[in-house]
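In the numbering used here, the protein residues as written are 4 to 1126.
We put the beta carbon where it would ideally sit given N, CA and C, even for glycine.
Comments concern the structure below.
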């Protein structure tokens, strides 16, 4: 049976592969252009950082960016080369505010193979021609000028070369290791670093001759350099020349004559990964190495001739793959292995240079492993990734949420609470009353981003802390402190209108106010309720309760009960009371609490057709109930418990787009809304928010430890990321969730460096973390040079607890090609500490582990082992045993399990299927295999007959096993490829499930109903995607929609979509149409961004889509591609 899949990116690539600077948008200002995956982000350069201006995407993964200048243009263009050697040249049109494709094409040379070296792109300035090294023994030239029609001899004897088209140039060199355009006296030449001969590499200087379409070598300037040389750096005018960078020596070559000796600088063994000459300087350069250290390189000159080189280490940043000088001592460092950043280069009074990092830009890449889990089994999925490399490795929390966009801030420390006091006469002008831990501060808005502090305003007592404050319906101001309730005129010289104080000098502990009501709790639990009348406080009622810990007003317009109420929390009685106003003697509802903790806050809100009571506890737990009315009485429905964070400080009910929502402040701020008949929880892209206040026009104030943030909450769902660094030198590589214990098992590599010889050492470490707080509870160190390679969690009959199986790799110190491993079995005791049950030596690296049929399957080098003995109660050394089952692989790298079947992904032998022939102990036999030589990186069961794999060519492909088909002499069937999809990024792992909130999912339309469970994948570029399997009818419908979108949508770059997404290499026995059993969810998502005219044109132009209107198609697409 053929399966059809939709592949959707839910988090785009975050790794920065290239970055350049140029006047791209306007001639008056420079822009930073950054490539991530298939997207180019364009930033404005500010005085203290960068700001995203716009972005665009092309059909291909971007390998190189190069700024180029088309004649008679006051702005620059950008040359883009993809990893499949397609290129495009794009400019920006200020008139239409769109991207313009100047030219595009494919670098193709049938007589050569694609080079294994990194592609180099340079601009040959004399002829304004781009030169690209992509194939062995060939360069490609792409002219940017129009052909000179005034010179008939320029085209004599050869075909006409058009602007922006690529022509191949045959060279005498096999590989160009690096290539740069020279400055100075050799400005019209290029320098190329060539392969090793007699333990030396060679730098040759060439001049491009466009008339003959060839490179002319200047043999007099050939230079020999040491064998570790890997990078060439052109020195700017007027000095010129070239820096050659190796692992031990950095040398300067003058190149004005072959008689000058190079100037050399011995350096510690490092690998330089990035460089940039300082803007306007010809003698100062920044170098970045593979450990993130930055070096300031200085060329000392006499009469513009270099006579010495020196360098100074000035600091450390995330490992950079590219550096760009933004001007004004600002620099951008882009990375594929760590967060990118903007930093400033500062010079101290003593002349020493230092680094100040101003902004980080998150990067999940590379994602080497991840897990998905639902902590409290309420449908809210959390994803935690092992991201980054070496010192920059970390855990990243990825979850659905909403974004807060900061517009400005006020730096006021030690804030305890805040109230917005907008007068009815000036709704656009806000006043703020802020309570700190020892006083109150009154601020009034002076401009959209400025506030003025008033030492005296009306009758506000700034020497006391404020418990509550509001502006009444009559426009008067109320302040509640521990000593009094005051009503006053809302003006700078406003007089006191009324005041109430607790009797007998008692103190007010809690207070809540709104425009009509005021309720306070004083003394030993006495509640006093007031209503605001013009110019006076009207006492209404009192009530005595025991040990009141919190109160909250609940108005009829918010709670859906048709009456104003107050919620009261009592710790001693462990109850929540819902009491009707104004008399405080009519208790509508009593709720007994199971928690020993005191409630922090309570809210009752009406969502959809139901009223919800939400109770927040200080430990971060939220209990929510549906309030039902039966026989004129209120009852609570089933309780739903949700962990919000490690602590919570309060809840605020507010409206956005005419819908009620609840903001929960705390360690992990969360917005609660109502979707599809259930509460939906969305994390906010900030941490540690203590209070929230809604302003007008969807504006909001957030209170943090540093002060107040003013901005806007975007209600659209998006993924947010949080970085967790468990230890400065740890690189997490494997992670699994232990659902019974609510723990995370994390395998990490501890990086250490011998300061005497600069040799890096690695040692594995296993840690368990609390899945809610992400605090490390216990750790276990492995042997020297041993690292965690695989992990799995399993339970066994007769044992209540979960067991953690860890597979390791131990390289042989004498034979680098040989390795062994161990399988370590742990349990977690009641003190939440790791206990090693057994260690089993294995004859190879344990690449993967999976539970199967009450056993454990292990991929060990080219063999598959099964657990045969599991008796933790036996003496040490006899508790655990693994037996060899199948030895038919080169290296069994990855695995998936379904019932009694095992799917194996191999280093060279693609995919194979094993099935159980015996269950106790487990015995497996090879049943089917794919004959293609493919390097697999991940495998996944779709069902018992259909499988998906990811390979090292960045493809996804589907295979099927016909159990009744032809078998070979050994009884083994052949797996047939059904189709493929070029993803463009290497997949490291598949995991069952998605980040969608499963509790809030609505019943899907038949066209978006899934026929198999969805699963998530993660890539080395930091992208995250989801694969869904749909029916044939749905595939045909959405395929017509996809074709219509590709036809009508503006194709920036004009690259061939089909060529990009087609499986590489082409599946020989299938046509492109037959192989396309995949839909591109990223293309389908573009339907929502198209104009109404284009949408209607697509719908009416399709035989299948005509049965739906545009709104129905939009809803179907949203259901299909939402994560």
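For residue i, the three-state DSSP class (helix, strand or coil)
i	result
residue 160	Any reading at residue 160 needs caution, since the residue's pLDDT is 45, under 50, leaving its predicted position unreliable; the model's value is listed next. Correct three-state label for residue 160: coil.
residue 739	strand
residue 431	Only weak support is given to the placement of residue 431: the predicted model assigns it a pLDDT of 49, under 50, and the value that follows is read from those uncertain coordinates. In this structure, residue 431 counts as coil in the three-state DSSP scheme.
residue 997	coil
residue 1090	helix
residue 908	strand
residue 1124	helix
residue 614	strand
residue 20	strand
residue 635	coil
residue 41	coil
residue 602	strand
residue 117	strand
residue 30	coil
residue 858	strand
residue 609	strand
residue 66	strand
residue 506	helix
Residue interval of the alpha helix (DSSP H) (run including residue i)
i	result
residue 900	That residue, residue 900, is in no alpha helix (DSSP H); its beta strand (DSSP E) goes 895 to 901.
residue 1063	1060 to 1064
residue 1096	1095 to 1103
residue 1046	1035 to 1051
Local Cβ density within 10 Å of residue i, reported as buried at 16 or more and exposed below that
i	result
residue 44	buried
residue 880	exposed
residue 607	buried
residue 612	exposed
residue 916	buried
residue 499	exposed
residue 1127	Beyond the ends of the chain as shown, which are 4 and 1126, falls residue 1127; an answer cannot be given.
residue 119	exposed
residue 950	buried
residue 149	exposed
residue 997	buried
residue 564	buried
residue 416	exposed
residue 431	Reliability fails at residue 431, whose pLDDT of 49 lies under 50, so the model's placement of it is uncertain and the value that follows must be treated cautiously. Burial call: exposed.
residue 256	buried
residue 22	buried
residue 758	exposed
Boundaries of the beta strand (DSSP E) in which residue i is found, first to last residue
i	result
residue 142	141 to 146
residue 2	Outside the shown range of the chain (4 to 1126) lies residue 2, about which nothing can therefore be said.
residue 659	651 to 659
residue 664	662 to 669
residue 952	949 to 954
residue 745	It is not in any beta strand (DSSP E) - residue 745 carries neither H nor E in the DSSP assignment.
residue 8	7 to 14
residue 334	333 to 337
residue 973	Note, residue 973: premise wrong, no beta strand (DSSP E); not H, not E.
ask   = Contact between the segment 390 to 397 and the segment 702 to 716: three or more CB pairs below 8 angstroms?
value = Using a Cβ-Cβ distance cut-off of 8 angstroms, the segment 390 to 397 and the segment 702 to 716 are not in contact, since fewer than three pairs of beta carbons, one from each stretch, lie closer than that value.
Q. At which residue ranges does the segment 519 to 565 contain complete beta strand (DSSP E) runs of 3 or more residues, listed in the order of the chain?
A. If we require 3 residues or more, the beta strand (DSSP E) runs fully inside the segment 519 to 565 come out as 520 to 525, 529 to 536, 539 to 547, 551 to 557.
### Task
Give, in chain order, every unbroken run of the beta strand (DSSP E) that is at least 3 residues long and sits entirely within the segment 356 to 418.
Within the segment 356 to 418, the complete beta strand (DSSP E) segments at least 3 residues long are 356 to 364, 370 to 376, 385 to 390, 397 to 413, listed from N- to C-terminus.
Looking at C-beta atoms only, is the number of pairs between the segment 582 to 598 and the segment 563 to 572 that lie closer than 8 angstroms three or more? Segments in contact, yes.
Residue ranges of each beta strand (DSSP E) within the segment 184 to 219, 3 or longer:
If only uninterrupted beta strand (DSSP E) runs of at least 3 residues are considered, those enclosed by the segment 184 to 219 are 192 to 200, 203 to 212.
Handout entry: Three or more C-beta pairs below 8 angstroms linking the segment 1115 to 1122 and the segment 1045 to 1059
Key = Output reads no: the segment 1045 to 1059 does not touch the segment 1115 to 1122.
Quiz prompt | Inside the segment 804 to 851 only - beta strand (DSSP E) runs reaching at least 3 residues | solution = Within the segment 804 to 851, complete beta strand (DSSP E) segments of at least 3 residues are found at 806 to 814, 822 to 831, 837 to 845, given in chain order.
Q.
Does the structure place the segment 1038 to 1049 close enough to the segment 82 to 97 that three or more beta carbon pairs sit under 8 angstroms?
A. Touching, no.
(request) Take every Cβ of the segment 414 to 423, pair it with every Cβ of the segment 487 to 496, and state whether three or more of those distances are shorter than 8 angstroms. (result) They do not touch, by the three-pair rule.
Inspect the CB distances between the segment 898 to 918 and the segment 1019 to 1033 and report whether three or more fall short of 8 angstroms.
Segment contact: the segment 898 to 918 against the segment 1019 to 1033, fewer than three CB-CB distances shorter than 8 angstroms; contact not assigned.
query = Whole beta strand (DSSP E) runs in the segment 430 to 493 with 3 or more residues, listed along the chain?
reply = The beta strand (DSSP E) runs lying completely inside the segment 430 to 493 and spanning 3 residues or more are 434 to 439, 443 to 450, 453 to 457, 471 to 474, 480 to 483, 488 to 491, given in chain order.
Query raised in the report: Between the segment 648 to 662 and the segment 366 to 385, do three or more beta carbon pairs fall short of 8 angstroms?
Result: Touching, no.
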